[in-house]
């Protein structure tokens, strides 16, 4: 047996661990805790601890209980110390260690290591202890800061945008025919634009390609009343006839005045009319659509422009035009209370621009005021006369309107 090696074994009777110097499994070993004596093989081996002084085991196992201590006398001889260890002093009654007072943790401690210090509760001074309300206070402050930030962000994003009313302006000639942006309920359902567009394309292509008066007359509504004008425009030599350049639909539905019937309009550009003529289709008694000749001819030949170039202010004439109510900014400010004003479109382009004036305190003025709505465009046939005033655009005074009920 190696005297410098001890084995940590477990007692089968009490379950306590202790150090045993007995390495022979057939030798007898005794539990220091319950004094169970049995062969070494009955004790379970756990670990080996190096360097445990034999003298400590001897002290733990040989010291008698206090009630069994012999009377004072000469000190018993101490066994020889283990090699490399300091001799232990003689035991005194005050330093005598009883077998029953040996702690299991001390029996397992290796030699040379101090026993673990007893656990002590850490006492925190009252002024260093955390307040139970501190966390709640910080949470409340954080939530308040978040709420203030959310409120400021909401106010910043919901700042009402100041509405700046734009200065009134004079709409272009194209805008006079185009409908307003604001929705207005039509007095009648608009026609099927797919069918109307197909008919317009076929009729325009045919009238420009026709080589006989009969073919041209088949494309025009009430062609017999306009036979002479149709012949002058399309009946000449091939080199003198206008050439088709563009056919396109004008967005929106201007309303017929009076009646409020929505009318699809098309822009027709030819080699002789770069601004574009206005074309609409009229349904005949046979149910077929054909070109409305007066509107096309007047806008293609610039009839209204030629009439207003005259110096005479006494002559009057009928014209098909597009109308849109306006503020009258083209005429002098002192005349605006006297007249209702309309922007007039006599071509499919933005030029030229004209102004039509109707006296407010006249039957025709009351009719026009009642039948027209602000922001809507209209198609009408008017009896006009040149109005000689200082204005920003050529002006005309409206004397009559087809369909007016008040005279």
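Residue numbers (our numbering): 3 to 409.
Think of the CB as a built atom: it goes at the ideal place given N, C-alpha and C, for glycine as much as any other residue.
From a predicted model like this one, the values you see are computed outputs, not experimental measurements.
Residue i, enclosing beta strand (DSSP E) - first and last residue
i: residue 392; result: No beta strand (DSSP E) contains residue 392, which DSSP labels as neither H nor E.
i: residue 269; result: 267-272
i: residue 284; result: 283-285
i: residue 246; result: 246-252
i: residue 20; result: 19-22
i: residue 31; result: 30-32
i: residue 15; result: Element bounds for residue 15: n/a, residue is neither H nor E.
i: residue 40; result: 39-41
Buried or exposed (CB count within 10 angstroms, at least 16 for buried), residue i
i: residue 191; result: exposed
i: residue 256; result: buried
i: residue 202; result: buried
i: residue 150; result: exposed
i: residue 450; result: Residue 450 lies beyond the stretch modelled for the chain, which goes from 3 to 409, so this question has no answer here.
i: residue 269; result: buried
i: residue 370; result: buried
i: residue 345; result: buried
i: residue 294; result: buried
i: residue 315; result: exposed
i: residue 36; result: exposed
i: residue 334; result: exposed
i: residue 20; result: buried
i: residue 336; result: exposed
i: residue 285; result: exposed
i: residue 325; result: buried
i: residue 194; result: exposed
i: residue 216; result: exposed
i: residue 34; result: buried
i: residue 9; result: buried
i: residue 156; result: exposed
i: residue 300; result: buried
i: residue 22; result: buried
Which listed residue (the options) has its alpha carbon closest to that of residue i
i: residue 197; options: 232, 266, 136; result: 266
i: residue 375; options: 348, 394, 343; result: 343
i: residue 278; options: 142, 309, 348, 323; result: 348
i: residue 354; options: 236, 310, 27; result: 310
i: residue 41; options: 33, 212, 27; result: 27
i: residue 224; options: 288, 194, 324; result: 288
i: residue 17; options: 220, 38, 378, 145; result: 38
i: residue 380; options: 263, 144, 298; result: 263
i: residue 12; options: 276, 46, 200; result: 46
i: residue 373; options: 327, 397, 332; result: 327
i: residue 365; options: 251, 406, 390; result: 406
i: residue 296; options: 330, 238, 312, 230; result: 230
i: residue 469; options: 253, 276, 308; result: The shown model of the chain, from 3 to 409, leaves out residue 469, and the question about it has no answer.
Supposed close pair residue i, residue j - CB separation, criterion 8 angstroms
i: residue 362; j: residue 340; result: 7 angstroms
i: residue 214; j: residue 245; result: Rounded, the Cβ-Cβ distance is 19 angstroms, inconsistent with contact.
i: residue 249; j: residue 206; result: 5 angstroms
i: residue 454; j: residue 24; result: Any answer about residue 454 is impossible in this case: the structure gives the chain only from 3 up to 409.
i: residue 358; j: residue 400; result: 5 angstroms
i: residue 323; j: residue 382; result: 7 angstroms
i: residue 306; j: residue 350; result: Not quite, the Cβ-Cβ distance comes to about 13 angstroms (not below 8 angstroms), so this is no contact.
i: residue 385; j: residue 304; result: The pair is not a contact, with the Cβ atoms about 19 angstroms apart (cut-off 8 angstroms).
i: residue 393; j: residue 313; result: 16 angstroms between Cβ atoms; not a contact.
First through last residue of the alpha helix (DSSP H) which encompasses residue i
i: residue 236; result: 229-236
i: residue 215; result: 215-219
i: residue 240; result: Counting along the chain, residue 240 falls outside any alpha helix (DSSP H), and DSSP gives it neither H nor E.
i: residue 204; result: 195-211
* Could I get the ranges of all uninterrupted alpha helix (DSSP H) runs contained in the stretch 339-384, with 4 residues as the minimum, in chain order? => 365-373
* To do: Can you check the stretch 297-347 for any beta strand (DSSP E) of at least 3 residues that lies completely inside it and give the ranges in chain order?
  => 318-327, 341-347
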